[in-house]
Amino acid sequence: MLAKKTEGDGGLFSILAEAHTRALEDATGHEVLTLGWKAPFVHSINGVSPKVRKILQLLRLRQIFNGVFVKLNKASINMLRIAEPYIAWGYPNLKSVRELIYKRGFGKIKKQRIAITDNSLIEKSLGKYGLICMEDLIHEIFTTGPNFKVANNFLWPFKLSSPRGGMNKKTTHFVEGGDAGNREDQINRMIRRMN
Numbered sequence: 253m254l255a256k257k258t259e260g261d262g263g264l265f266s267i268l269a270e271a272h273t274r275a276l277e278d279a280t281g282h283e284v285l286t287l288g289w290k291a292p293f294v295h296s297i298n299g300v301s302p303k304v305r306k307i308l309q310l311l312r313l314r315q316i317f318n319g320v321f322v323k324l325n326k327a328s329i330n331m332l333r334i335a336e337p338y339i340a341w342g343y344p345n346l347k348s349v350r351e352l353i354y355k356r357g358f359g360k361i362k363k364q365r366i367a368i369t370d371n372s373l374i375e376k377s378l379g380k381y382g383l384i385c386m387e388d389l390i391h392e393i394f395t396t397g398p399n400f401k402v403a404n405n406f407l408w409p410f411k412l413s414s415p416r417g418g419m420n421k422k423t424t425h426f427v428e429g430g431d432a433g434n435r436e437d438q439i440n441r442m443i444r445r446m447n
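To convert, take the position in the sequence shown, counting from 1, and add 252; that gives the numbering used here.
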C-alpha cells in the first residue's frame, strides 16, 4: 500500500513522507507539520493591503474566482493565514481535483495558456518527470508527489465561474456563516458550484 487516508483532513499522505516526518521530529525534538495540499480561491481583490496583495501574487491568485493548488508547509500556512479574509480554501477530494483539471485545466506551454486537449501536451512538457497523461497529472497533484511543484506550475490557475446561488457573506469567516477562510472538506461543495 503506497498511501493511506488520514482521518481529519481528507488528504492522502505517503508512508515515506510520514516516516521522514517522524525521523525529523525524533532528531530535532520539534513537531514537524506534515505536507498536505489546499485549494485556495480568491473572492475579493479590491482594497487589499500591499502585503496581502503580494501574498496573493505569490499564490498566483491575481483575479477574483481564481483557484490554485498549494502544498502545505509552514511558509504556505502562514501565507494563507495572512490572506485568509480574502480567500476561501480547504481540502478538495479526488473527485474535485479530477473535475477541475478535466474541465478547467489549462497548461503553461511556452508561457502561453493552452487547453489540455490530449495527453501529448502533458507528455511533451512533463514527460521527463514521468508524467505522461492526465491521470498521472491528477495523481501527482492529489498525492503531492515528488514532482508536485513542477506539475502545479504547469497548470495555469483555474478560472472559475461565480458560485451558483451566490456567496453567503464574503467578508465574514466560514465558521461565522460567511465564505472566507478554511472550509476544510466543505470546499468540495463550493468547487461544484463554481466549476
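Where is the CB? At the ideal position from N, CA and C, for every residue including glycine.
- Scanning its chain for C-beta atoms nearer than 7 Å, with the 5 sequence neighbours on each side dropped, one finds around residue 392 the residues 383, 399, 400, 403, in chain order.
- Residue 447 places its beta carbon less than 9 Å from that of residue 356.
- Cβ atoms of residue 335 and residue 307 come within 8 Å of each other, at about 5 Å.
- Approximately 16 Å separates the beta-carbon atoms of residue 319 and residue 389; this is outside 8 Å, ruling out the contact.
- Runs of beta strand (DSSP E) with 3 or more residues, each lying fully within the segment 346–414, are found at 358–361, 364–367, listed in chain order.
- Taking C-beta separations shorter than 7 Å and ignoring five residues to either side along the sequence, the partners of residue 351 in its chain run 447, following chain order.
- Linking residue 408 to residue 367 through their CA atoms gives a straight-line distance of about 9 Å.
- Taking the Cα positions, residue 437 is about 11 Å away from residue 346.
- A distance below 8 Å between beta-carbons, with the five flanking residues on each side excluded, links residue 376 to the following residues of its chain, in chain order: 361.
- Assignment of residue 435 by DSSP, reduced to helix, strand and coil, places it in the strand class.
- In this structure, the beta-carbon distance from residue 406 to residue 378 falls below 9 Å.
- Taking residue 370 as reference, the option from 381, 332, 323, 385 with the minimal CA-CA separation is 385.
- DSSP places residue 334 in the uninterrupted alpha helix (DSSP H) bounded by 326–334.
- Here the alpha carbons of residue 372 and residue 299 stand approximately 42 Å from one another.
- In terms of Cβ geometry, residue 439 and residue 338 do not form a close pair [threshold 9 Å].
- Residue range 339–342 is occupied by the beta strand (DSSP E) that includes residue 339.
- Here the alpha carbons of residue 332 and residue 365 stand approximately 26 Å from one another.
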